[in-house]
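Novice: Its first residue numbered 0, the sequence shown is counted upward by one per residue in numbering that gives the first Met the number 0.
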Amino acid sequence: MDIETWWSSIEQARASVGDRADDRDPPDDPLPAALVDTLATLEPADVIDFWVKHVELTDSAERYPLRWAAFLIEGSFSNDGFMDFRDGLMLLGQETFSRAVADPDSLADLPVVVKMSRDEGGWIGFESLAYLIKDAYRKVRGETDTFNAALEAAVKGMTRPELPSGDNWDPEDDDAMRHHLPRLAALFLD
C-alpha cells in the first residue's frame, strides 16, 4: 500500500461522517466506526499494510516539537498520550497531519485547538488506531488469531526511532514554550 492509498482510506472515512470528523471529544464520535468500515473493504494483506504505514507515519511524527505541542494542547507527557495524539492527528487528515509534523505551532489554527484552549471541550487524541485496524481485520477475516503474526512479519526489520528528533527544550519552561511554539503558547499559557 502506498501512502496516498493510506491517506485515501482516512479521507474516505472522514467524508462519510461529514462535519463530525474533526473532534474526538463527542461520546458518539462516528469516525472510528467509519474507518473500520472503510478498512474492512480491503483484503487482509492490505489491512496489515495499512498498519505498517500507520507505524511509518507514527515514526515520522516522533519529534520533540510536536510532542511539546501535544503537551501544551492536551497536557500529557506520557508516551501513550503522545501516541494517542499522533493517532488523532492522523484522523484529522493528511494536510493537517503533515502541516503539524512540519510546524507544530500550526495547530493553533485548528478550531478544536482553539476550543480546547478556552476549556470549551474538544479533543484531538485517539486511543488507538491500532484497535481500529485490528477490528477491521476481524471483520475481513472473521478472526484475529493470525493478526499478530502477520504484523510481526510485516514490521520485522523496520528501523524505528529510539528518541524523538528535532529541537528539544524543557516543556515546563513557559519562556521556552513561548519561544518555540509562540502561537500555541499564546492560546494555552497567556
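Note that the Cβ used here is the ideal one computed from N, Cα and C, for glycine as well.
Grab me the residues of F81's own chain with a C-beta within less than 6 Å of its C-beta, minus the 5 sequence neighbours each way, in chain order.
Specialist: Answer for F81: R66 and A69, listed in chain order.
Novice: Since L90 and I2 should fall inside the 8 Å C-beta cutoff, what is the C-beta to C-beta distance between them, to a whole number of angstroms?
Specialist: Contact flag wrong, Cβ pair sits at about 16 Å.
Novice: Closest by CA to A32, which one among K138, T143, P170 and L150?
Specialist: The residue with the shortest Cα to Cα distance from A32 is K138.
Novice: With the cut-off set at 8 Å, would you say D86 and S59 are in Cβ contact?
Specialist: Not a contact, by the Cβ cut-off of 8 Å.
Novice: Can you tell me whether G121 is buried or exposed? The criterion is at least 16 other CB atoms within 10 Å of its CB, across all chains shown.
Specialist: Flag for G121 reads buried.
Novice: Excluding the 5 residues preceding and the 5 following D24 in the sequence, name in chain order all residues of the same chain whose CB lies nearer than 6 Å to its CB.
Specialist: Excluding positions up to five away in sequence, the list reads G120, G121 and W122.
Novice: From the DSSP secondary-structure annotation, give me the bridge partner or partners of S164.
Specialist: Looking at the DSSP assignment, S164 forms a beta bridge with R62.
Novice: With C-beta atoms as the reference, is I186 less than 8 Å away from S116?
Specialist: According to the sequence displayed, residue 186 carries Leu and not Ile. Yes, they are a contact pair.
Novice: Quick check on the DSSP output: what are the complete alpha helix (DSSP H) runs of length 4 or more inside the stretch 7-38, in order along the chain?
Specialist: Listed in chain order, the complete alpha helix (DSSP H) runs (minimum 4 residues) inside the stretch 7-38 are 30-38.
Novice: What do you get for H178, buried or exposed, if any count of 16 or more other CB atoms within 10 angstroms of its CB means buried?
Specialist: It is exposed - the Cβ of H178 has fewer than 16 other Cβ atoms within 10 Å.
Novice: For P110, name the three-state secondary structure that DSSP assigns.
Specialist: If DSSP states are grouped into helix, strand and coil, P110 belongs with the helices.
Novice: Could you tell me whether the Cβ atoms of A129 and L38 are closer together than 8 Å?
Specialist: Cβ distance not < 8 Å, so A129 and L38 don't count as in contact.
Novice: Flag this pair as yes or no: are the beta carbons of A148 and I47 separated by less than 8 Å?
Specialist: It is not a contact, given that the beta carbons lie outside the stated cut-off.
Novice: Just the Cα atoms here: how many angstroms apart are R107 and L183?
Specialist: Checking the displayed sequence, the identity of residue 107 turns out to be Ala instead of Arg. Rounded to whole angstroms, A107 to L183 spans 5 Å at the Cα level.
Novice: Could you give the C-beta distance for G165 and P26, rounded to a whole number, given that I count them as a contact under 8 Å?
Specialist: With 8 Å as the limit, G165 and P26 do not qualify as a contact, their Cβ atoms being about 35 Å apart.
Novice: Just mark L131 as buried or exposed, buried being the case when its beta carbon has 16 or more other beta carbons within 10 Å.
Specialist: Buried: at least 16 other Cβ atoms inside 10 Å.
Novice: Is DSSP giving K52 helix, strand or coil here?
Specialist: Reduced to three states, the DSSP call for K52 is helix.
Novice: Could you check which residue in K133, P103 and D172 has the C-alpha nearest to that of E42?
Specialist: Cα-wise, what sits closest to E42 is K133.
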